[in-house]
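Taking our numbering, I'd label the letters of the sequence shown as residues 4 to 148. We treat Cβ as the ideally placed atom computed from N, Cα and C, and that holds for glycine.
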Amino acid sequence: MMDVDDFGNDEVELRKTVLLAYTDINAAGSRALLGISMRIEYYTIHIPELLCLVPACTRNRPPKPTERDFQALQVLNCKYEEFSVVVVNAVLPGNCCHVVVNRILDMCLESKVQKIMLMTTLRLELSQSTTAKIFENCLFAKPGM
Numbered sequence: 004m005m006d007v008d009d010f011g012n013d014e015v016e017l018r019k020t021v022l023l024a025y026t027d028i029n030a031a032g033s034r035a036l037l038g039i040s041m042r043i044e045y046y047t048i049h050i051p052e053l054l055c056l057v058p059a060c061t062r063n064r065p066p067k068p069t070e071r072d073f074q075a076l077q078v079l080n081c082k083y084e085e086f087s088v089v090v091v092n093a094v095l096p097g098n099c100c101h102v103v104v105n106r107i108l109d110m111c112l113e114s115k116v117q118k119i120m121l122m123t124t125l126r127l128e129l130s131q132s133t134t135a136k137i138f139e140n141c142l143f144a145k146p147g148m
């Protein structure tokens, strides 16, 4: 049985919960979500404005037979979990951000997504000799989730 499937743009069916990451200054959310290790289905979303963009996060080795190279806009559906991962894996130029956001929101509406969780980080300039408190911030979420 194959652990990886490739699907076209029109066949993406997102799960009820979506973990969304974009390439911010540290690419922490992108790196974290692209690094999940479970059985996943790979989807590539083709948007003409993204064709010339190079993926920000890449593998430092050739992909295994059950893996695929990362794309500029990557969707990973976890086979045995109730969540999908959507990663904007490129630095988007300002003139196409709205196109990408609209496509992601359209996919969420078509799939009747119930919850979207955004993974991002702030740039932190911490030296090893400095002790600093880091606070978690969660906006627009129900307590205890």
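- In the structure shown, the three-state DSSP call for Val94 is coil.
- The Cβ atoms of Val89 and Leu37 lie no closer than 7 Å to each other.
- Straight-line measurement puts the Cα of Glu44 at about 24 Å from the Cα of Val102.
- Approximately 6 Å separates the beta-carbon atoms of Leu76 and Val91; this is inside 8 Å, confirming the contact.
- Of all alpha-carbon atoms in Thr20, Leu112, Arg106 and Lys115, the one lying nearest the alpha-carbon of Pro51 is that of Arg106.
- The beta carbons of Lys118 and Thr26 sit no closer together than 7 Å.
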